[in-house]
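Residue 1 is where the sequence shown starts when you use the UniProt record's numbering, and the numbers rise one by one after that. All residues carry an ideal CB built from backbone N, CA and C; glycine is no exception. These notes are about the structure you will find just below.
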Amino acid sequence: MQALCRVARRLYSTQPPERAASALPKLAAAARDASAPMAVRERRERKRAHLKPPTDSDLTPSEYSGYRRALAKGELMDQRGRDMTEAEWLDALNERRTRLRGLKVTDNHGEKELQVVGQRIYLPNIMFRMVRNHTPTGKPYNPYEATFRVPMSVTKTDVRSYLSAVYGVKTTYIRTANYFSPLYRRYNGAKTTRSYRTYKRAVVGLVDPFYYPQAMEDMTAEDRKKRMEWLNEKFALDALKRWRRHELVRTSLSGSKNWRFTGHLRRDKILKAVARSRSRMLREVEDVKEELADKRARGIPIFSDTKRGSQPSKWREALLAN
Numbered sequence: 001m002q003a004l005c006r007v008a009r010r011l012y013s014t015q016p017p018e019r020a021a022s023a024l025p026k027l028a029a030a031a032r033d034a035s036a037p038m039a040v041r042e043r044r045e046r047k048r049a050h051l052k053p054p055t056d057s058d059l060t061p062s063e064y065s066g067y068r069r070a071l072a073k074g075e076l077m078d079q080r081g082r083d084m085t086e087a088e089w090l091d092a093l094n095e096r097r098t099r100l101r102g103l104k105v106t107d108n109h110g111e112k113e114l115q116v117v118g119q120r121i122y123l124p125n126i127m128f129r130m131v132r133n134h135t136p137t138g139k140p141y142n143p144y145e146a147t148f149r150v151p152m153s154v155t156k157t158d159v160r161s162y163l164s165a166v167y168g169v170k171t172t173y174i175r176t177a178n179y180f181s182p183l184y185r186r187y188n189g190a191k192t193t194r195s196y197r198t199y200k201r202a203v204v205g206l207v208d209p210f211y212y213p214q215a216m217e218d219m220t221a222e223d224r225k226k227r228m229e230w231l232n233e234k235f236a237l238d239a240l241k242r243w244r245r246h247e248l249v250r251t252s253l254s255g256s257k258n259w260r261f262t263g264h265l266r267r268d269k270i271l272k273a274v275a276r277s278r279s280r281m282l283r284e285v286e287d288v289k290e291e292l293a294d295k296r297a298r299g300i301p302i303f304s305d306t307k308r309g310s311q312p313s314k315w316r317e318a319l320l321a322n
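If you want it as structure tokens, here you go:
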């Protein structure tokens, strides 16, 4: 009987731990840990081994420390005297994290209703610009992370609420960094900044992967050609580029003296046009030479006096004599 109990205890101890329903997928959790700041990773490495979460745990080191602290204080005990497991505690934590801010549950004659506490914003006047993630050379692109450029006044709570309410995107973490415009010297010597160079970068962790469209330099020649054809068909990029260059030349050189538009803007095309004009002139000169040689062979005078009473000059007489 004792041996049977030992076998049962051994089988129970080797069972995998219970996973939380709101736990991140393995790839999303790995991307979250890899994108942690260097200072955070160094601080985690300095922790003792018994303070680190097990390898099969869904908790981060910070969450594991919080769970152990709450467990030691007795804050996780339910009415039956049982402590919450890691999975239950993580589900409760994620439910609190993903709650909609500005709402509270009220009791209206026995029925629960959601009441708006904050101010309703129907058409927010902020702009979220999505950009490609910073990927070091030789490293794969991280699909569980998205990067946005947002106004300086937007907070992490605003980013989470905006993505959840407008697009239904579930986020895991948000890291922000402010970038200020450098100083530029104006024509009068004063220093000023440029507003478009000042922004806040928000790096958002995603639960579901999002694959950013592949960059042009990473495509094959065939895929790049298809992409350019699609862009020209939808947005007429080539026609827009030609129109801009024509307008630039028209507005900058139209007032110049003796200027006329030849239809060519690129230097290589201008040189080709000059070469064609020069070759055409040389062909015309050769045709004139052949015509003069043919008239001289048949004894036909090359020059004729058009004015009445004009006397041929000495050099013309010499040329006709030869």
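Assuming residue i and residue j are in contact, meaning their beta carbons sit under 8 Å apart, how far apart are those beta carbons, in whole angstroms?
i, j, result
"His237", "Leu231", "Note on identity: in this sequence residue 237 is Leu, with His being the wrong assignment. Going by Cβ atoms, the distance from Leu237 to Leu231 rounds to 5 Å, so yes, they are a contact pair."
"Phe128", "Tyr162", "7 Å"
"Ala23", "Leu90", "6 Å"
Would you list the residues sitting across from residue i in a DSSP beta bridge?
i, result
"Phe128", "BP columns for Phe128 are empty, so no partner."
"Ile174", "Val204"
"Val150", "Lys200"
"Tyr184", "Thr192"
"Val105", "Leu114"
"Glu145", "Gly205"
"residue 323", "With the chain represented from 1 up to 322, any question about residue 323 goes unanswered, as that position is not in the structure."
"Met77", "Asp83"
"Tyr179", "Tyr199"
Under a Cβ-count criterion, where at least 16 other Cβ atoms within 10 Å of its own Cβ denotes burial, should residue i be classed as buried or exposed?
i, result
"Asp58", "buried"
"Ile302", "exposed"
"Ala28", "buried"
"Tyr167", "exposed"
"Thr60", "buried"
"Asp56", "exposed"
"Tyr211", "exposed"
"Arg10", "Per-residue confidence for Arg10 stands at a pLDDT of 43, beneath the threshold of 50, marking its modelled position as unreliable; the derived number appears in the next sentence. The residue in question, Arg10, is exposed, as its Cβ has fewer than 16 Cβ neighbours within 10 Å."
"Ala3", "Annotation note: pLDDT 48 at Ala3 (below 50); position unreliable, coordinate value reported separately. Exposed is the call here."
"Val159", "buried"
"Asn142", "buried"
"Glu86", "buried"
"Tyr64", "buried"
"Tyr187", "exposed"
"Tyr67", "buried"
"Gln15", "With a pLDDT of only 49 at Gln15, under the threshold of 50, the placement of this residue in the model should not be trusted, and no figure is reported."
Going by beta-carbon coordinates alone, are residue i and residue j separated by less than 8 Å?
i, j, result
"residue 358", "Tyr144", "The chain is shown only over 1 to 322; residue 358 falls outside these bounds and no answer can be derived."
"Leu183", "Thr193", "yes"
"Asp83", "Leu76", "yes"
"Gly118", "Gly102", "yes"
"Lys156", "Thr135", "no"
"Thr106", "Glu95", "no"
Got a sec: does the ligand GDP put a non-hydrogen atom nearer than 7 Å to the Cβ of residue i?
i, result
"Ala72", "With respect to the ligand GDP, the structure offers nothing, as it holds no ligand at all."
Contact criterion: CB-CB distance below 8 Å. Does residue i meet it with respect to chain C?
i, result
"Arg69", "Absent from the structure: chain C. Only one protein chain is present."
- Are the stretch 203-216 and the stretch 142-150 touching by the rule of at least three beta carbon pairs closer than 8 Å? yes
- Task: Could you tell me whether the stretch 206-220 touches the stretch 166-186, where touching means 3 or more Cβ pairs closer than 8 Å?
- Result: yes
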